[in-house]
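All remarks here apply to the structure that follows.
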Amino acid sequence: FTRSLLKIPELFQDEYPARQDKPVDFSVSAGYFIKPRWLLSANFIYTSGLMTTVPAGFYNYRGTQVPLYTKPNNARMPDYMRFDIGSDFRLNKTSEGRFEHHLILSFYNFFNYRNAAFLYFTKTTDADGNFIIPADKLNSQEQIPTYRYVFSIIPSLTYNLRF
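Our numbering numbers the first residue of the sequence shown as 19 and each following residue consecutively.
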């Protein structure tokens with residue numbers, strides 16, 4: 019558990035959370051040799067989402083919609099969660115040789131958790147409740163926060179030569 023607060027009087031008079039403020043940062047890793055040449059491993063990560071600054075509202079100035087910011091880092095992105103697995107197989111029958119050959123198969127974000135990377139305020143909803151990007155983004159009356167997700171499940175096959 020940790021809290022990270024900033025106070026920069028030139029920017030904002032009160033203390034506010036730093037972008038990297040993560041009250042929860044938990045990770046656990048495990049590895050198990052099924053056979054002397056074959057290792058299975060797993061890694062689980064859970065952290066609080068990063069702090070971000072969102073507008074408290076919008077106002078019109080000379081026909082243009084302008085965001086109104088009242089405090090830095092006033093909202094938190096959704097929590098981040100990931101589970102990775104891997105298998106390391108040593109191709110040599112013994113480890114006494116000059117070289118070791120390993121074949122590694124791994125999966126990043128194995129359960130395909132949707133971890134938000136970006137927050138946008140560019141969309142509105144139509145009469146049916148579907149998200150749309152208006153043709154006139156600057157003068158839209160209601161903008162809805164939406165997230166952009168990156169890095170779904172990523173498989174990897176690696177060959178390592180150790181000497």
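Glycine residues also receive a C-beta, built at the ideal position from the N, C-alpha and C atoms.
- DSSP, reduced to helix, strand and coil, places F129 outside both helices and strands of the structure shown, so it counts as coil.
- Shown here, M69 sits in a strand according to DSSP, grouped into three states.
- Under the three-state reduction of DSSP output, E28 falls in the coil class, being neither helix nor strand.
- Within the same chain, and ignoring the five residues on either side of A60 in sequence, the residues whose Cβ sits closer than 6 angstroms to its Cβ are A48 and I103.
- Secondary structure note for P96: it is in no beta strand (DSSP E), with a DSSP letter that is neither H nor E.
- The DSSP-derived three-state label of N148 is coil.
- Exposure of P27 is indicated by the presence of fewer than 16 other C-beta atoms within 10 angstroms of its C-beta.
- With a threshold of 16 other beta carbon atoms within 10 Å, K40 meets it and is buried.
- For P85, the number of other beta carbons within 10 angstroms of its own is below 16, and it is reported as exposed.
- Note that the segment 116-130 does not touch the segment 71-89; fewer than 3 beta-carbon pairs, one per stretch, sit closer than 8 angstroms.
- Taking the Cα positions, Y98 is about 33 angstroms away from K53.
- Inside the segment 30-68, DSSP marks whole beta strand (DSSP E) runs of 3 or more residues at positions 43-53 and 56-65, from first to last along the chain.
- DSSP places T164 in the uninterrupted beta strand (DSSP E) bounded by I162 to Y167.
- Under the 10 Å beta carbon count, N148 is surrounded by fewer than 16 other beta carbons and is classified as exposed.
- Of A36, T112 and R166, the smallest CA-CA separation from R55 is found for T112.
- Per the C-alpha coordinates, the member of R21, L24, L57 and I171 positioned closest to N130 is I171.
- A direct Cα-Cα distance of roughly 28 angstroms separates F128 from A93.
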